[in-house]
Structure formats: structure tokens, C-alpha cells
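Structure record follows, encoded as C-alpha cells.
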Amino acid sequence: MMKALALIPLLLVGAAQAAPLKTISKFQFGENWPFTREEVMINCREGNALWVINPSTLMSYPLNDVAAEQAKAQKIKVTDLSVIILKRSDNAEKQMDITPVIEAAEALCGEK
């Protein structure tokens, strides 16, 4: 019984340190939706590393340089974000702007 009670604070600390995670969708962004998926998850990890996660595959995509460096240093398998970014309808050579998604992910950094 005492061991179980001793674990409770550890579990609470672990939960408090969990990275904020939010699901965003095409419905929220309308015509400015930049991804090939209808919805993705975004999160902010240690050091303000911003990530996009495909909820159906759980593949992580670095959203900023901090995340890319962390992935490289920790030898985490990631895929380049360009794989899931749509091309612009007015210029097929350019990708959609991901600035609104970056801003939404940055807002999560303040929720830690």
C-alpha cells in the first residue's frame, strides 16, 4: 500500500511535464489549411520544439529548426514536413503557408 502511495507523486509529476497536444483541422483553418490530412495534432516539446503529428500513423514531422535538431540529436525517425503540405492552388510550385500552424503550436508552448 505504501509503495502505491509513493508512486502517486511521481505519476503527477510525469503528467505535469507532458507536452501540450492539440488537434487542429481543416474545418478550423478553411482555405488556408496547409496539409493533405483533414486533421493533425500539434505539440510543443522541451526547448520550444514544435511538431506536427499525423494521428492515423503517429508519424512526427518537425515544424521548426529546434524540433529538427532534437530529432537529429536523439536519432528519432521523422519525415520531412513537405510530405504532408499541400501545394498552393495559384502556384503549384509553392507550398501552402504554414505560419498559422506554427503560431498555433507556439501558443501551446505557453501552456506548459
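With mature numbering (1 follows the signal peptide of the UniProt record, and there is no 0) as the guide, the letters of the sequence shown map in order to residues -18 to -1, 1 to 94.
Glycine residues also receive a C-beta, built at the ideal position from the N, C-alpha and C atoms.
Rounded separation between residue i and residue j - CA only
i, j, result
"Val34", "Ala53", "13 Å"
"Trp15", "Glu88", "17 Å"
"Gln77", "Gly29", "27 Å"
"Val22", "Pro2", "14 Å"
"Gly92", "Lys4", "13 Å"
Contact test: residue i Cβ vs the ligand ADP heavy atom, cutoff 7 Å
i, result
"Asp79", "No copy of the ligand ADP appears in this structure; indeed no ligand is present at all."
Own chain partners of residue i with C-beta closer than 8 Å, once the 5 adjacent residues on each side are dropped
i, result
"Leu68", "Trp15, Pro16, Phe17, Thr18, Gln77, Met78"
"Leu(-8)", "The predicted model places Leu(-8) with a pLDDT of 41, which falls under 50 and marks its position as unreliable; any figure quoted below should be read in that light. Cβ neighbours of Leu(-8) beyond the five flanking positions: none."
"Ala86", "Lys4, Ile6, Ile24"
Neighbour-count burial assignment, residue i, 16 or more Cβ in a 10 Å radius
i, result
"Val65", "exposed"
"Arg70", "exposed"
Spatially closest choice to residue i from the options, by CA coordinates
i, options, result
"Ser38", "Arg27, Leu45, Ala49, Glu20", "Glu20"
"Ile24", "Ile6, Asp62, Ala49", "Ile6"
"Trp62", "Asn36, Arg27, Phe9, Leu90", "Per the sequence shown, residue 62 should be read as Asp rather than Trp. Checking every option, the nearest Cα to that of Asp62 belongs to Asn36."
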